[in-house]
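The number in this note's numbering is simply the position in the sequence shown, starting from 1, with 667 added.
Taking it in order: structure first as structure tokens, then the write-up.
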Amino acid sequence: MENSDEVTTQGSTVEDWTRALAQSTGSPGGGAGAGLMLSLAAALTSMVAGYTEAEGHERGALDRIRERARSLRNDALELADQDSSASRAFGAAFHLEPGPERDAAISRASLNAAKASAVLGKRAMDAIEDLAWLAANGNPALVADVVVAFGALRATVGGARTNVSFDLASLTSGGNTMEQIREEHPALWAMVGDLNAATERIDALTAKIDRRAAPTDAI
């Protein structure tokens with residue numbers, strides 16, 4: 668098997684990548700897993716769009732959804748690998764000898780990790796409305812696939828939200844208070860709230876089509 672440092676979402680088999688994820692190395696870790704889930708959501712979005720027919724201006728909207736999904740599928744894999752790199756730096760910082768150098772390294776790694784998760788979360792939020800369009804207008808035979816895609820998207824959003832929050836809190840190791848961190852990194856701090864709102868949006872969209880996707884629950 669490949670060394671976990673060499674495993675990438677784009678260059679490894681699913682078997683090798685998940686085996687590396689199962690190891691106690693942290694790289695890849697949960698953030699990279701969230702990136703992989705985003706890629707799955709994008710792939711399912713593209714698939715459902717491909718099975719959907721539309722006319723007039725809706726045809727153009729559908730084509731754009733599929734093109735964005737195709738691009739996101741690949742971008743999400745790259746973001747997953749970037750998160751793995753950030754995780755390695757984070758882990759290396761914690762293995763340094765206690766002292767100012769270690770504290771500074773942890774702060775740098777924490778901030779970089781938070782930024783990486785924020786980018787991933789932003790891309791996931793941008794994908795919600797395309798999937799919402801398919802939930803309302805997509806091929807009804809694939810509604811279950813839309814629900815699965817929403818689930819993968821929710822996992823990405825939830826993972827990004829938690830990682831940004833955790834990484835921001837890790838900045839306290841350098842002596843800063845949470846209030847200082849909020850003042851110094853307002854965009855990252857606000858991202859946590861944005862991702863919470865995105866989770867609620869996904870849940871509402873999923874609930875709206877759940878009766879169609881799982882009709883046996885209504886009996």
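Quick reminder that beta carbons are idealized off the backbone N, C-alpha and C, glycines included.
Assigned with DSSP and collapsed to three states, H852 falls in coil, not helix or strand. When the five nearest sequence neighbours on each side are left out, the beta carbons in the same chain lying within less than 8 Å of the beta carbon of V831 are those of A781, S784, A785, G788, L855, M858, V859 and L862, in order along the chain. Residue environment for V813: buried (at least 16 other C-beta atoms within 10 angstroms of its C-beta). In this structure, S774 lies away from S679, with their beta-carbon atoms at least 9 Å apart. Around the Cβ of F817, a 10 Å sphere holds 16 or more other Cβ atoms; the residue is buried. Rounded to whole angstroms, the Cβ separation of L703 and A747 is 5 Å, and the two are in contact under 8 Å. R790 is the residue among I876, R790, T883 and R849 whose C-alpha sits nearest the C-alpha of V824. Nearest neighbour of A880 by Cα position, chosen from N806, G842 and A827, turns out to be N806.
P695 sits in coil when the DSSP states are folded into three classes, being neither helix nor strand.
Between W684 and A728, the C-beta spacing is not below 9 Å. Residues of the same chain with a CB within less than 7 Å of the CB of D884, apart from the 5 flanking positions on each side, do not exist. In the same chain as T873, and ignoring 5 residues on each side of it, the C-beta atoms closer than 7 Å to its own belong to V814 and F817, in chain order. Here L705 has A743, A791 and T823 as same chain residues with Cβ atoms under 6 Å from its own Cβ, once five neighbours each way along the sequence are excluded. With a threshold of 16 other beta carbon atoms within 10 Å, S691 falls short and is exposed.
H852 counts as buried, since no fewer than 16 other beta carbons sit within 10 angstroms of its beta carbon. Exclusion of the five residues before and after Q749 leaves A783 as the residues of its chain whose Cβ lies within less than 6 Å of its Cβ. When the five nearest sequence neighbours on each side are left out, the beta carbons in the same chain lying within less than 7 Å of the beta carbon of L835 are those of A781, I848, H852, L855 and W856, in order along the chain.
CA-to-CA, the gap between A811 and I869 works out to about 15 Å. Annotation for I876: A802, V810, V813 and V814 place their beta carbon closer than 8 Å to its own, counting only its chain and skipping 5 residues before and after. Going by C-alpha positions, G698 is about 32 Å away from T719.
For A760, the number of other beta carbons within 10 angstroms of its own is at least 16, and it is reported as buried.
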